[in-house]
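**Q**
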Ligand code: HEC
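In the working numbering, the protein residues as written are 29 to 186.
1) Using the Cα positions of residue 171 and residue 55, report the straight-line distance between them to the nearest angstrom.
2) How long is the line joining the alpha carbons of residue 89 and residue 103, rounded to whole angstroms?
3) Pair every Cβ in the stretch 128-136 with every Cβ in the stretch 105-113, then say whether three or more of these pairs are closer than 8 Å.
4) Assuming residue 141 and residue 160 are in contact, meaning their beta carbons sit under 8 Å apart, how far apart are those beta carbons, in whole angstroms?
5) Counting only runs that start and end within the stretch 74-102, where is the alpha helix (DSSP H) found for 4 or more residues in a row?
6) Entirely within the stretch 107-164 and at least 3 residues each: give me those beta strand (DSSP E) ranges in chain order.
7) Restricting to Cα atoms, I'd like to know which of 68, 134, 114 and 119 is closest to residue 125.
8) Report buried or exposed for residue 100, applying the criterion of at least 16 other Cβ atoms within 10 angstroms of its Cβ.
9) How far does the alpha helix (DSSP H) with residue 170 in it extend, from its first residue to its last?
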C-alpha cells in the first residue's frame, strides 16, 4: 500500500511537472487536429526554403469563417501545419517522414507576437523550443501583416 501511495504521488508530481513545462513552453499540440479541415498537399522543392518538403495545413472551425471571408480572426482560432520530407516512389515525389509541426493560435496574451501564439514541434509532438519572435513572427508580420498574420488563402486551400 505504501509503495502504491509513493507511486501515485510520483505520478501526480510528474503530471503537474509536465503541465507546468507545457505552460512555460507556451503551448501543446491541439488534440484531434487531424480531424479539422485539411488543405490539399503542398510541395516546396527549393531546398533553401524553410518549407522544403511536403506539407498540409489544418484549419479549425473557429478560424474557418475569417479564413473564407478575410478579416481578423476570433480569439482561439487555430492553424496547424504538418511537414514531411520528400521521398521518391518510382520517380514520383511522395510524402516521406514527418519532420516538423507548427501551430498558430489566436491568443490576445501573446503581445510580442501580434496576438497569436506561434509554436514549433518535433514530429513526435514535443515542443522544439524555437524562438517564436525571431523564427516565426517576424516573417509572418513582414509578409502576411495585412491578413492578420495568416499566409494561407482559402482559395488555394484545396
Ligand atoms: C520565412 C518565413 C516564415 C517563417 C520564418 C515561418 N513561417 Fe509560418 N508560414 C510561412 C508561409 C509562406 C506560410 C504558408 C505556407 C503555404 O502556402 O501553405 C506559413 C504558414 C504557417 C501556418 C499556417 C497558417 C498560415 O499563416 O498560412 C502556421 C500555423 C505557421 N506558418 C506557423 C509558423 C511557426 C510556428 C513558425 C515558427 C516556428 C513559422 N510559421 C515560421 C512563412 C513563414
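Just so it is clear, CB atoms sit at the ideal spot from N, CA and C, and this is done for glycine as well.
**A** In brief:
1) The sequence position of residue 171 within the chain shown is 143, counting from 1. The sequence position of residue 55 within the chain shown is 27, counting from 1. So the two alpha carbons sit approximately 24 Å from each other.
2) Indexing the chain shown from 1 puts residue 89 at position 61. Indexing the chain shown from 1 puts residue 103 at position 75. The straight-line gap from Cα to Cα measures roughly 12 Å.
3) yes
4) One-based indexing of the chain shown puts residue 141 at position 113. One-based indexing of the chain shown puts residue 160 at position 132. 5 Å between Cβ atoms; contact.
5) 92-97
6) 120-134 and 144-149
7) As a first step, residue 125 must be located in the chain shown, where it is residue number 97. Nearest option by C-alpha distance: 114.
8) By 1-based counting over the chain shown, the position of residue 100 is 72. When all chains shown are included, residue 100 counts as exposed.
9) Working through the chain shown from its first residue, we reach residue 170 at position 142. Element bounds for residue 170: 166-172.
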